[in-house]
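Numbering (full-length UniProt numbering), first residue to last: 1 to 279. Note sheet for the following structure.
Below, the structure written as structure tokens:
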């Protein structure tokens, strides 16, 4: 289990996370939702062990995550950040193989695993290409393969994959493909996946568990049918979110009610009144 207990984080003297408690479980895809500035990415960084905590604790396998040595921690949790810089000359295959750095194994074995991972993300023919020649979405898929490779090891402890806005650069097809793959990894490999998403409807469709954030705290949690109410979403996003019902839909779907008056945006609320990315 990857668990946050009463986590508080302050950055630049400002409280960013306020008494956050949650548990990510192996075999589940958990999604963190919330408006811009709610604390989603900060929470992910805290869970990864990257950020020092003002109060509380983050436990991985019942041990403080900050107490792990770097190589040991890398075998049990992988992070896909919004930005990942690599050397200009590196090929797709070389970037994917970076995921094997915690392991001592023959180069041939690393290449074999990397080719399989790239095939999973639809990039099997890209092995020798410079990663800098790829589109943003293709690069994102390479790094997703890298993160998966990092968690392919032996041992009895469960592993966790932390994804910070993994669908941000992807087209419609690959938004769904990637989340389907993430859920498959959770279910078939018993990996715990925690993903920060902006799209409510992607979360409603693919998540096993949702944590809805507002002002640095978790205001609703549980399965999508329990946590994603129109009332909770409207409060978190500060707009009128409404459910969409249709016989063809087997999952929750939301939209925003049309405004009858102009949207007024003040200095502390720069979000647009449209929060949905229709599927």
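Note that beta-carbon positions come from the ideal geometry of N, C-alpha and C, so glycine has one too.
task = In angstroms with no decimal places, state the Cα-to-Cα distance between residue 78 and residue 93.
result = Just so you know, the alpha carbons of residue 78 and residue 93 end up roughly 18 Å apart.
ask   = Just the Cα atoms here: how many angstroms apart are residue 140 and residue 177?
value = Each residue's Cα considered, the two are about 13 Å apart.
ask   = Expressed to the nearest angstrom, what Euclidean distance is found between the alpha-carbon atoms of residue 13 and residue 90?
value = Each residue's alpha carbon lies about 39 Å from the other.
inquiry  = Ignoring anything shorter than 3 residues, give me the beta strand (DSSP E) runs that lie fully in the segment 107-187, in order along the chain.
reply    = Whole beta strand (DSSP E) segments, 3+ residues: 160-164.
task = Determine the direct distance from the alpha carbon of residue 196 to that of residue 270, and round the result to whole angstroms.
result = Legend: pLDDT at residue 270 = 43, less than 50; position of this residue unreliable, no value from coordinates given.
request  = Could you tell me if residue 70 is buried or exposed, where buried requires 16 or more neighbouring beta carbons within 10 angstroms of its beta carbon?
outcome  = The residue is exposed, with fewer than 16 neighbouring Cβ atoms inside 10 Å.
C-alpha distance - residue 129 paired with residue 180, whole-angstrom precision = The alpha-carbon atoms of residue 129 and residue 180 are separated by roughly 26 Å.
query = DSSP three-state call for residue 266: helix, strand or coil?
reply = Unreliable positioning characterises residue 266 in this predicted model, as indicated by a pLDDT of 48, which lies under 50. The coordinate reading is nonetheless provided below. In this structure, residue 266 counts as coil in the three-state DSSP scheme.
task = For residue 97, name the three-state secondary structure that DSSP assigns.
result = Here residue 97 carries a helix assignment [DSSP, helix/strand/coil].
message = To the nearest angstrom, how far is the alpha carbon of residue 188 from that of residue 132?
response = Just so you know, the alpha carbons of residue 188 and residue 132 end up roughly 32 Å apart.
message = Closer than 8 Å is the cut-off here; do at least three beta carbon pairs connect the segment 20-28 with the segment 212-219?
response = Between the segment 20-28 and the segment 212-219, the count of C-beta pairs closer than 8 Å reaches three or more; the two stretches touch.
task = Look up residue 245 in the DSSP assignment and say whether it is helix, strand or coil.
result = The answer is coil: DSSP assigns residue 245 none of H, G, I, E or B.
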